[in-house]
Amino acid sequence: MTAVGGVLLILGSALILLAAIGVVRFDDVYARMHAGAKAPALGVLAIGAGVAFSVRTSDAVITAILVVILQLIAGPVGAHILGRAVYRQVKPPLSAADELAEAEHTPHDS
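Using the numbering used here, read the sequence shown as starting at 1 and increasing by one per residue.
Here is the structure:
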């Protein structure tokens, strides 16, 4: 089981490294957001599973599960907030359909 944990730790670290490279290398802000949100979530999931398989104490397993759950909750919320802020400050790419423009400009019922 320790070998499985080691493989998961290496896999998770590689995914997070690839996400960091993607954030640096991509030109478009939306592509950078995608790289910064998707791969780290899967990387933290793999690292949490690797820690649970390697350490195998109840405290470590519970802590790893809590970290993974919090990452899976906070990651998409943070990406959504960042996407909304980028949308309001930067115009969307010309090739994309702007479906949010109608929702942003319609008056809300009070």
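All C-beta atoms, glycine included, are put in the ideal place defined by N, C-alpha and C.
Item	Value
In the DSSP assignment, the alpha helix (DSSP H) including residue 33 goes from what residue to what residue?	29 to 55
What three-state label does DSSP hand residue 115 in the structure shown?	The structure shown does not extend to residue 115, since the chain is modelled only from 1 through 110, so no value can be given for it.
Mind the definition here: the region 58 to 66 touches the region 10 to 29 only if three or more C-beta pairs lie below 8 Å; say whether that holds.	no
Is residue 103 close to chain D, meaning its C-beta is less than 8 Å from at least one C-beta of that chain?	Absent here is chain D; the protein component of the structure consists of one chain.
Answer yes or no: do residue 8 and residue 43 have a C-beta to C-beta separation smaller than 8 Å?	no
Does the Cβ of residue 66 have 16 or more other Cβ atoms within 10 Å, making it buried, or fewer, making it exposed?	exposed
Kindly indicate which residue of 77, 84, 72, 100 has the alpha-carbon position closest to the one of residue 40.	72
Can you give me the Cβ contacts of residue 35 inside the same chain, cut-off strictly under 7 Å, excluding the 5 residues immediately before and after it?	19, 22, 23, 26
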